[in-house]
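Down below is the structure, laid out as structure tokens.
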Amino acid sequence: MKRTWKKITGLMLAVMATFAMTACGKEEVSTFQRITDDMIENCTQVSLGAVQSLASFDAETIEQMKVNRDDFTRTAAEEWSEETAIMGAFKEVGEPSTDIDREENVVRVTIPAEFEKQSGVLTFVYNYNKDYDQMIPAYMTISEVESFSSNMKGAAINTVMGVGTVFVVLVFLIMIISLFKYVNKIGQKEEKPAAPAPKAAPAPAPAQAPVEEDLTDDLELVAVISAAIAASENTSTDSFVVRSIKKVNRSTWRRA
């Protein structure tokens, strides 16, 4: 029984010692800092010196830096050349700030800067190198700071593009709708116009009754003329017959 208690007591002491060693190890790791304040200050000074150096170099020197074997120098020269072409010549720097990521052993130095056309921000990234026990520059970036005027310009461009797109779509829809009236006519044969119906023949006019000529005056005239001729010839009217009576021009009688 005593031996059992001794074993249990020894096991408990061993467990307690293990927890104590673990706690000590964690405390030692948490208090150890690879990135020191001097390293952070050195990163800030190196970043400011890099900006001043890039600003003092001429275009030919910048082009030579682009073919440098050092990745940091090459990328920094490329970024500086591209962004200064947009933002204009460098004027001055502002107050730098640092961001330390101790888990990743990374230090970021941010430096606001003023250029001829607009403001910008330069960001330098440094990684910890355990072989040299110091911070090594990784890359540099330059970004534009959006001002109120640039934001308004972008908003105006977006508005014009949006309204223009809507207008074009509406015109396209109007054109499509205007073509709907031709859809039903597609494939249909042209119908020939129907021949006009023949007009009905006019009804025959009713036959008119024959008009009886009044020959009473003509007979009297014939008798008078016959008597005059018979008197002038000294004969009777039985020896000749009046066949017709024609009107003679008056001028002929006058000449006679």
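Our numbering runs 3 ahead of the 1-based position in the sequence shown. Ideal placement from N, C-alpha and C gives every residue a C-beta, glycine not left out. As the structure is a computational prediction, the values presented were derived from the model and not from experiment.
Next on the checklist: What would DSSP say about Tyr185, mapped onto helix, strand or coil?
Outcome noted: Tyr185 falls in the helix class under three-state DSSP.
Checklist entry - Under a three-way DSSP split, which group does Glu260 fall into? => result The chain is shown only over 4 to 259; residue 260 falls outside these bounds and no answer can be derived.
Checklist entry - For the stretch 36-49 against the stretch 106-116, are there 3 or more C-beta pairs whose distance is under 8 Å? => result Cβ pair count under 8 Å is three or more, so yes.
Checklist entry - With which residues is Ile145 paired in a DSSP beta bridge? => result Ile145 pairs with Leu125.
Item to check | Collapsed DSSP secondary structure at Cys116 in the structure displayed | outcome: The sequence given here places Ala at residue 116; Cys does not occur at that position. Shown here, Ala116 sits in a strand according to DSSP, grouped into three states.
Next on the checklist: Quick check: the stretch 118-126 against the stretch 86-97, are at least 3 beta-carbon pairs closer than 8 Å?
Outcome noted: Below 8 Å, enough C-beta pairs join the stretch 86-97 and the stretch 118-126 to call them touching: three or more.
Checklist entry - Around the C-beta of Val54, are 16 or more other C-beta atoms found within 10 angstroms, so that it is buried, or is it exposed? => result Residue burial annotation: Val54 is buried, with at least 16 other C-beta atoms found within 10 angstroms of its C-beta.
Checklist entry - Within the chosen definition, does the stretch 66-80 reach the stretch 134-147 through at least 3 CB pairs nearer than 8 Å? => result In short, these stretches touch, since the Cβ pair count reaches three.
Item to check | Ile145 vs Leu125 beta-carbon contact at 7 Å | outcome: Cβ atoms of Ile145 and Leu125: closer than 7 Å.
Checklist entry - Which two residues bound the contiguous alpha helix (DSSP H) that contains Asp134? => result Where Asp134 is concerned, there is no enclosing alpha helix (DSSP H), given that its DSSP letter is neither H nor E.
Next on the checklist: Quick check on the DSSP output: the alpha helix (DSSP H) that includes Phe60 runs from which residue to which?
Outcome noted: Counting along the chain, Phe60 falls outside any alpha helix (DSSP H), and DSSP gives it neither H nor E.
Next on the checklist: Since Ser84 and Ile65 should fall inside the 8 Å C-beta cutoff, what is the C-beta to C-beta distance between them, to a whole number of angstroms?
Outcome noted: That pair is a contact at about 5 Å.
Checklist entry - Taking the C-alpha atoms as reference points, what is the distance between Cys27 and Met42? => result The predicted model places Cys27 with a pLDDT of 43, which falls under 50 and marks its position as unreliable, so this point remains unresolved.
Checklist entry - Exposed or buried, which one is Ala158 when buried takes at least 16 other CB atoms within 10 Å? => result Per the 10 Å Cβ criterion, exposed.
Checklist entry - Would a C-beta distance cut-off of 7 Å place Thr93 and Ala58 closer than the cut-off? => result Residue 93 is actually Phe in this sequence, not Thr. Yes. Within cutoff.
Item to check | Same chain, Cβ closer than 8 Å to Leu51, five either side skipped, listed in chain order | outcome: Close CB contacts of Leu51 within its chain, under the 8 Å cut and outside five residues either way in sequence, are with Val96, Pro99 and Ile114 (chain order).
Next on the checklist: Would Glu81 and Lys69 be called neighbours here (beta carbons separated by less than 7 Å)?
Outcome noted: Yes. Within cutoff.
Checklist entry - According to DSSP, is Val172 helix, strand or coil? => result The answer is helix: DSSP assigns Val172 an H, G or I state.
Checklist entry - Residue range of the alpha helix (DSSP H) that Ala79 falls in? => result For Ala79, the enclosing alpha helix (DSSP H) stretches over residues Asp74 to Met90.
Checklist entry - Can you pull the DSSP bridge partners for Arg111? => result Under DSSP, Arg111 shares a beta bridge with Asp102 and Val128.
Next on the checklist: At the level of alpha carbons, what is the spacing between Val227 and Ser235?
Outcome noted: Their backbone Cα atoms lie some 12 Å apart in a straight line.
Checklist entry - In whole angstroms, what separates the C-alpha of Met178 from that of Ile160? => result Rounded to whole angstroms, the gap between the alpha carbons of Met178 and Ile160 is 27 Å.
Item to check | Buried or exposed by the 16-neighbour rule on C-beta atoms within 10 Å, applied to Tyr135 | outcome: Tyr135 comes out exposed.
Checklist entry - Are there 16 or more other CB atoms within 10 angstroms of the CB of Tyr129, so buried, or fewer, so exposed? => result By the Cβ-count criterion, Tyr129 is buried, with 16 or more other Cβ atoms from all chains shown falling within 10 Å of its own Cβ.
Checklist entry - When the Cα atoms are used, what is the spatial distance from Thr162 to Asp40? => result When rounded, the distance between both Cα atoms is 49 Å.
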